[in-house]
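As structure tokens, the structure follows; a few thoughts come after it.
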Amino acid sequence: MFQPGELVVYGSTGVCRVEGFGGLDQPGEDRGKRYYLLKPLWQDGMIYAPVDSEKVPMRPVMSREEAEALIGRMPEIPAASCRGNTAQALAQQYQAAVREGGHQALIEMMKAIYRKRRQAEAKNRRLGLVDERYMKQAERLLYGELATALEIPYDGVEDYIAARLEEPAEAGA
Numbered sequence: 095m096f097q098p099g100e101l102v103v104y105g106s107t108g109v110c111r112v113e114g115f116g117g118l119d120q121p122g123e124d125r126g127k128r129y130y131l132l133k134p135l136w137q138d139g140m141i142y143a144p145v146d147s148e149k150v151p152m153r154p155v156m157s158r159e160e161a162e163a164l165i166g167r168m169p170e171i172p173a174a175s176c177r178g179n180t181a182q183a184l185a186q187q188y189q190a191a192v193r194e195g196g197h198q199a200l201i202e203m204m205k206a207i208y209r210k211r212r213q214a215e216a217k218n219r220r221l222g223l224v225d226e227r228y229m230k231q232a233e234r235l236l237y238g239e240l241a242t243a244l245e246i247p248y249d250g251v252e253d254y255i256a257a258r259l260e261e262p263a264e265a266g267a
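The opening position of the sequence shown corresponds to residue 95 in our numbering, with each subsequent residue numbered one higher.
As structure tokens, then:
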């Protein structure tokens, strides 16, 4: 059970702080049921998540060491293959990666969308709306957790990753 003040990753919402526990004062709700009161760090609102629910995954935020190791492995992670022939099929594929919530799946999806963006730009085109929407969601989830684990501002995560990935090349020069 998570305690007030702990940081957790809640489903596709991302990093949240456990503010406490409570019940819902709604008609038809079990008055004895306990809920986490979760405050998302990177968006507005408050979430009431059942303490005993397994529908939406909740886990601790990765450690600084895990974040550094993940960044170090990023170059080795392949881009996902985008198999969607329609916008709906593509959205379903992306939604599965987001729902899985795994760092690897998010990075694979982001790399595939980056590749599609470069191809579109080479043809003086824009990236599709489905790609844009899921890229933003994946960045929010991954960068939000990395920012929290590394204790850096959210807006600095992309530059931090770029600098970290350049380090070995500079050390070997």
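Even for Gly, the Cβ is constructed at its ideal location relative to N, Cα and C.
A contact is defined here as three or more CB-CB pairs under 8 angstroms, and the region 136-146 fails this definition with respect to the region 157-175. Beyond the five residues adjoining it in sequence on each side, M229 comes within less than 7 angstroms, by CB distance, of M204, I207 in the same chain, given in chain order. For the set S147, T107, R258, the Cα lying nearest the Cα of K133 is the one of T107. Secondary structure at R111: strand, using DSSP grouped into helix, strand and coil.
Contact between the region 184-196 and the region 207-227 is present: three or more C-beta pairs spanning the two stretches fall below 8 angstroms.
With respect to E239, M168 sits apart: the two C-beta atoms are not nearer than 8 angstroms. Here P172 carries a coil assignment [DSSP, helix/strand/coil]. Restricting attention to Y188, P172, T242, the CA atom closest to the CA of N179 is found in Y188.
Here M95 is exposed, its C-beta having fewer than 16 other C-beta atoms within 10 Å.
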